[in-house]
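Peer 1:
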Amino acid sequence: MRSRIAKSLTIAAFAATLAACSSVPLDEQGANQGGAGQGAGAGTTTGQVMDPFNPQSVLAQQRSVYFDFDSYTVSDQYRGLVETHARYLSGHPQQRIMIEGNTDERGGAEYNLALGQRRADAVRRMMTLMGVSDGQIEVISFGKEKPKATGNTEADYAENRRADIVYQR
Amino acid sequence: MTPETLSRYARRASPAQAGSDRRPARFLLGLALLVAAALLWRPAHAQLRVDISGTGATQYPIAIADFSGDDAGRGIAEVIRADLTRTGQFRLVSAVGSNLTVDTPVAYDDWRARGADTLAYGSIARSPDGRYDIRYRLADTVQHGQLDGVAFTGTDRELRRIAHQIADRIYEKITGVKGVFSTHIAYVLKQGSTYELQVADADGQDPKVALRSREPIISPSWSPDGNKLAYVSFESGKPVVYVQTLASSQRVPVANYKGNNSAPSWSPDGSRLALVLTRDGLSQIYVVNADGIGLRRVTRSPMIDTEPVFSPDGGSLYFTSDRSGNPQIYQTGLDGGDPRRVTFNGSYNISPRISPDGRTLLYVSRRDGAFRIASLDLASGKETLLSDGRDDQSPSFAPNGMQVLYAAVQNGRSVLAGVSSDGRVRQTLSVLNGEVREPTWGPFPQ
Chain A
128 MRSRIAKSLT IAAFAATLAA CSSVPLDEQG ANQGGAGQGA GAGTTTGQVM DPFNPQSVLA
188 QQRSVYFDFD SYTVSDQYRG LVETHARYLS GHPQQRIMIE GNTDERGGAE YNLALGQRRA
248 DAVRRMMTLM GVSDGQIEVI SFGKEKPKAT GNTEADYAEN RRADIVYQR
Chain B
8 MTPETLSRYA RRASPAQAGS DRRPARFLLG LALLVAAALL WRPAHAQLRV DISGTGATQY
68 PIAIADFSGD DAGRGIAEVI RADLTRTGQF RLVSAVGSNL TVDTPVAYDD WRARGADTLA
128 YGSIARSPDG RYDIRYRLAD TVQHGQLDGV AFTGTDRELR RIAHQIADRI YEKITGVKGV
188 FSTHIAYVLK QGSTYELQVA DADGQDPKVA LRSREPIISP SWSPDGNKLA YVSFESGKPV
248 VYVQTLASSQ RVPVANYKGN NSAPSWSPDG SRLALVLTRD GLSQIYVVNA DGIGLRRVTR
308 SPMIDTEPVF SPDGGSLYFT SDRSGNPQIY QTGLDGGDPR RVTFNGSYNI SPRISPDGRT
368 LLYVSRRDGA FRIASLDLAS GKETLLSDGR DDQSPSFAPN GMQVLYAAVQ NGRSVLAGVS
428 SDGRVRQTLS VLNGEVREPT WGPFPQ
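One line per chain: the protein sequences are A and B, in this order. Residue numbering for the first sequence follows the numbering used here, beginning at 128 and increasing consecutively. Residue numbering for the second sequence follows the numbering used here, beginning at 8 and increasing consecutively.
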C-alpha cells in the first residue's frame, strides 16, 4: 500500500514538474498542437511539441496509463493523457497506434493476457469516444510476459499494471 | 526398434531368428527418420535433478535386474527403475549381483522370498554393425510364469527409448494401465532474454529445441497424434498462434488477426483448433480448422472467455470466463449455447484441463493468495487440491490420466513438478539453468 502511495506521489511530482515547465494545463495542450514548441527555451517545451516521435514531446513522454489492482477502467487521473493522444490522432487520421496492455506477474499466462487486453481496450474505448477512428488503433496485450519492472514488490506490480500507447511508424 | 514378442520362440532359439526377415526395411526407414530428426532438432543441454516424495496407495514390489551381456545393460535397467519409481506405485527390490540373462531359468521362490512379486530381467548384445539386440522378460514369481517377453533392436541413441518402452510394458502388465514413459512433454524454457520451446522425454531427459526466440512463447498444445505443436509466439510484436510440425520444423501462423491470438487447443480428432481472439473486442473463443481456415466464433459474452479445451468426445469446450465477476471454469457446446458453470470454490479458477476419460477436471485455483493445482471429480463434485505451492500453474494430465504435470516455483526457482492424480506422490524435475514455464504433457506415441 505504501508503495502505491509512493507511486501516486511520483506521478503527482511528475505532473507538477510538467506544470512548472509548461504554462498550459495538460488538458488543454491539444489546443496548442501544430503551433506549439516554437520559440521556447530548452527544457521548457515539454508538453508542447505535438510529435509522438520527438522524445521531447508529451506524446512520447506520457503514453502509459496505470491501473489499480484488479481494475480495468481508466481512472480520471489519466483522462487528460488519453485526451491528448486522442486529439492528436483525430487530427492525424493516417497515424496508427498500438495500445499494449500489461499485468503484474500473479496468475496464469492466458488469463493475464486477457486481463491486459481488457486494460488496453479500456483506453481504446475512451479514445474512440473522443473521436479517434477504430481503424487507427490495434489493441494487444503482453499479459504478464513482458514486465517493465521485474521485481515482485507491490511497486513492481503497480508499474506492470499498465497500458502503453505506441505510435506506429 | 520394432518390438517383436519373445514369447513366440523357445528359450533355446537363437536371438537372430526373432523376426529378422522384416527388420532391414524398417531399420532403414527408422534410420532415415532418425537422421532427419537429428538434423532438424537441435539437442538442448539441461541438467536435471529429480526429487520424489510420497508413496502410492498400492505399491507393487518388483525386482529389475541389470540386463546382462553389455555394459549398456545397467543403464537400461536404471532407466526402467527410475521410470517405475517416479510413479510411486512400485517398490524396488534389490537385484544386485543376480547376473540373470534372458535365458536363465528363474528361481521364482527365491525371488518371492526376497519380496519381489515380479522380476524384470534381460540380455543385451552388441552386433557387429554396432546395433544392440535387447531381449527382456517379466516373470511372475507368485504364479511362476512369464508375464511378458520382447526383443528390441536399436542404436545406442535409441537405448533410452527402448528402456522407456520396456518400462511401459512392465507398468501395463502389472497395473493394467498403459504406461506413459515413452511419451513427451513440451515446455518453454526462459534463459536470460531467450525463450526456447523444448520437447523432452516424459522424464525430462533428452530435451530438443523446437523454437528459439527473443520474445515470449506461451501455451504450447500437442496435436492428438503428437506430430505437431500449436503455440503462441510474440515474435512479431504481438501474440500470434502458430502450428509447427515437429519432425520438419515447418510452421504456419493459423491465427494472426487484429488484436491478440492465443490459447490454442486441439480437437480430439486433430482436425480443428479452439483458440482465443480479441478481434471483436475482449477475449472470445473461436474454432478454426487446423490449417487456419473456417474461422467460427463460439462464445458471445461481454466479458473474458479464454483457455478453451475440448472435452474428450469433442462435443463441448471447457473454458475460463469472468462473466460471474471473477474467473471460473465453464462448459459450453460448440455452438456456444447454454454455458454451464463448473467450478464454485474460491474466486479464481483458471486453466481447465480435462482427464482422458472426461471424468476429472484440473485447474489452477487461488487459495489464500497461493495458486494451487485443483482436481474436480465432475460426477461427485468432490474437489482435491493436488499441490501445495505458492505459484503452481499450467497443469496437464499424462495421457493415461494417472499423473499431472505442472509448473511450480520452489526456492525462488521455477521447476517442472509432477503429482499423481490422487495427490499422493509428488516429484520435481529441476532444470538447473533456467525458468521452466507452460509445461504440457503430450499424447501416447502413434
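We put the CB at the ideal spot given by N, CA and C, even for glycine.
Mapping DSSP to helix, strand and coil, what is B:Q335?
Peer 2: Note: B:Q335 maps to strand in three-state DSSP.
Peer 1: If contacts are defined as beta-carbon pairs under 8 Å, then B:D384 and B:R366 qualify, I think. What distance do you get, rounded to the angstrom?
Peer 2: 7 Å between Cβ atoms; contact.
Peer 1: Report yes if the CB atom of B:I83 is closer than 9 Å to the CB atom of B:F97, and no otherwise.
Peer 2: No, they are not a contact pair.
Peer 1: Which one or two residues does DSSP pair with B:Q153 in a beta bridge?
Peer 2: The partner list for B:Q153 (beta bridge, DSSP) reads B:A146.
Peer 1: Residues in the segment 220-236 of chain B with C-beta within 7 Å of chain A's C-beta atoms, listed in sequence order?
Peer 2: Listed by position, the residues of the segment 220-236 of chain B near chain A (Cβ gap below 7 Å) are P223, I225 and S226.
Peer 1: Taking all protein chains shown into account, do 16 or more other C-beta atoms lie within 10 angstroms of the C-beta of B:Q453, making it buried, or fewer, making it exposed?
Peer 2: With fewer than 16 other Cβ atoms within 10 Å, it is exposed.
Peer 1: Starting from the beta carbon of B:A270, find every residue of chain A whose beta carbon is closer than 7 Å, and list them in chain order.
Peer 2: Those within 7 Å of B:A270 in chain A are E237.
Peer 1: Between B:V460 and chain A, is any beta-carbon pair separated by less than 9 Å?
Peer 2: Absent from the model: residue 460 of chain B. The displayed extent of chain B is 8 to 453, so no value can be given.
Peer 1: Taking DSSP as the reference, what is the three-state secondary structure of B:A84?
Peer 2: Helix.
Peer 1: When Cβ atoms are compared, which residues of the segment 305-330 of chain B fall closer than 7 Å to chain A?
Peer 2: Those would be I311, T313, E314 and T327, in chain order.
Peer 1: B:I357 touches chain A at which residues, Cβ-Cβ below 8 Å?
Peer 2: What B:I357 touches in chain A: G234, G235, E237 and Y238.
Peer 1: Quick check on A:L256 - is its C-beta less than 9 Å from some C-beta in chain B?
Peer 2: Chain B contact via Cβ: absent.
Peer 1: Would you say A:Q222 faces chain B, with C-beta separation under 9 Å as the test?
Peer 2: Taking Cβ atoms only, chain B never reaches closer than 9 Å to A:Q222, which makes this a no.
Peer 1: Between the alpha carbons of B:L4 and B:A102, how many angstroms are there, rounded?
Peer 2: Residue 4 of chain B is absent from the model: chain B starts at 8 and stops at 453.
Peer 1: Going by DSSP in three states, B:A377 sits in which element: helix, strand or coil?
Peer 2: In the structure shown, B:A377 sits in a strand (DSSP, three-state: E or B).
Peer 1: Look up A:T211 in the DSSP assignment and say whether it is helix, strand or coil.
Peer 2: Of the three classes helix, strand and coil, the one that applies to A:T211 here is helix, per DSSP.
Peer 1: Could you tell me which chain B residues have their CB closer than 7 Å to the CB of A:R245, listed as they occur along the chain?
Peer 2: Within 7 Å Cβ-Cβ: L289 and I311.
Peer 1: Are the C-beta atoms of A:G270 and some chain D residue less than 9 Å apart?
Peer 2: Absence of chain D from the displayed structure is noted, the protein chains being A and B.
Peer 1: 9 Å is my cut-off, CB to CB: does A:A241 come that close to chain B?
Peer 2: By this cut-off, A:A241 is an interface position.
Peer 1: Would B:E203 pass as an interface residue toward chain A - the criterion being a Cβ-Cβ separation below 9 Å?
Peer 2: So, not an interface residue.
Peer 1: I need the DSSP call for B:Q172, collapsed to helix, strand or coil.
Peer 2: Of the three classes helix, strand and coil, the one that applies to B:Q172 here is helix, per DSSP.
Peer 1: Give a yes or no on whether the C-beta atoms belonging to B:L280 and B:Y178 are separated by under 9 Å.
Peer 2: Cβ atoms of B:L280 and B:Y178: not closer than 9 Å.
Peer 1: Would you mind sorting B:T391 into buried or exposed? The rule is 16 or more other CB atoms within 10 Å of its CB.
Peer 2: So B:T391 counts as exposed.
Peer 1: By the criterion of Cβ-Cβ separation under 9 Å, what are the contact partners of A:E265 in chain B?
Peer 2: Within chain B, the residues near A:E265 are K245, K265 and G266.
Peer 1: Check the Cβ-Cβ distances between B:S401 and every residue of chain A, and say whether any is below 9 Å.
Peer 2: Output row for B:S401: interface = yes.
Peer 1: In the DSSP output, what is A:E281 paired with across the bridge?
Peer 2: None, per the DSSP bridge assignment.
Peer 1: Please classify B:D329 as buried or exposed, where buried requires at least 16 neighbouring CB atoms within 10 angstroms.
Peer 2: Flag for B:D329 reads buried.
Peer 1: Between which two residues does the alpha helix (DSSP H) holding A:D248 run?
Peer 2: First-last of the alpha helix (DSSP H) with A:D248: A236 to L256.
Peer 1: By the criterion of Cβ-Cβ separation under 9 Å, what are the contact partners of A:K273 in chain B?
Peer 2: Under the 9 Å cutoff, chain B gives E222, P223 and F241.
Peer 1: Whose C-alpha, out of B:L204, B:P406 and B:G376, is nearest the C-alpha of B:A217?
Peer 2: For the residues B:L204, B:P406 and B:G376, the minimum Cα distance to B:A217 belongs to B:L204.
Peer 1: When DSSP builds the beta bridges, which residues end up paired with B:H191?
Peer 2: Note: B:H191 sits in a beta bridge opposite B:D208.
Peer 1: Starting from A:V185, trace the alpha helix (DSSP H) both ways and give me its first and last residue.
Peer 2: Per DSSP, A:V185 belongs to the alpha helix (DSSP H) from V185 to Q188.
Peer 1: Mind checking if B:D124 is an interface residue toward chain A, Cβ cutoff 9 Å exclusive?
Peer 2: Judged by the 9 Å Cβ criterion, B:D124 is not in contact with chain A.
Peer 1: Counting contacts by CB-CB distance shorter than 9 Å, is B:D398 in contact with chain A?
Peer 2: Yes - at least one Cβ of chain A is within 9 Å of the one on B:D398.
Peer 1: Could you spell out where the alpha helix (DSSP H) holding B:Y355 opens and where it closes?
Peer 2: Segment: none, B:Y355 is in no alpha helix (DSSP H) and carries neither H nor E.
Peer 1: Can you tell which of B:L282, B:I311 and B:Q291 has the C-alpha that lies nearest to the C-alpha of B:G299?
Peer 2: Minimum Cα distance to B:G299 is reached at B:L282.
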